[in-house]
Amino acid sequence: MAETPAKTKQITIIVNHNPLHFDHAEVPASEIMERAGIPSTNLLFLEVPGPPDDIPIASSAIVTIKSGQHYYDMPPGNFGGGR
Numbered sequence: 022m023a024e025t026p027a028k029t030k031q032i033t034i035i036v037n038h039n040p041l042h043f044d045h046a047e048v049p050a051s052e053i054m055e056r057a058g059i060p061s062t063n064l065l066f067l068e069v070p071g072p073p074d075d076i077p078i079a080s081s082a083i084v085t086i087k088s089g090q091h092y093y094d095m096p097p098g099n100f101g102g103g104r
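For the sequence shown, my numbering gives the first residue as 22, with consecutive numbering after it.
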């Protein structure tokens, strides 16, 4: 009987309400942005449930992603004021 190669578990994250699939957990933020069609000048954030602020992700960072995480982008200078 032939051996079947081990399947790599797919990791699915949501970026701007759209799913993105990866086969590895360590991903450059720039790759997430590129695959999501986010301009390189925009800021990327990891959505955090609850009262803490969402986490900004530098485009040069290596991100450890987990299935189900939600990310979004925002143009620079478009946050920080009162709501």
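The beta carbon of each residue, even a glycine, is placed where N, CA and C say it ideally should be.
Residue i - partner residues in DSSP beta bridges
| i | result |
| --- | --- |
| GLU47 | THR85 |
| HIS42 | THR33 |
| MET95 | LEU64 |
| ALA76 | A small correction: the amino acid at residue 76 is Ile; Ala does not occupy that position in the sequence shown. LEU67, per the DSSP bridge assignment. |
Cβ shell of residue i (< 7 Å), same chain only, five flanking positions each side left out
| i | result |
| --- | --- |
| ALA79 | ALA50 |
| VAL84 | VAL48, ALA50, ILE53 and ILE78 |
| ILE86 | ILE32, ILE34, PHE43, ALA46 and VAL48 |
Residues near residue i by beta carbon distance below 6 Å, same chain, minus five either side
| i | result |
| --- | --- |
| ASP10 | The chain is shown only over 22 to 104; residue 10 falls outside these bounds and no answer can be derived. |
| SER88 | ILE32 and THR33 |
| HIS38 | none |
Outcome for residue i when other beta-carbon atoms lying within 10 angstroms are tallied against a minimum of 16
| i | result |
| --- | --- |
| VAL69 | exposed |
Contact set for residue i: own chain, Cβ-Cβ below 8 Å, skip 5 residues either direction
| i | result |
| --- | --- |
| ILE76 | PHE66, LEU67 and VAL69 |
| PRO97 | THR62, ASN63 and LEU64 |
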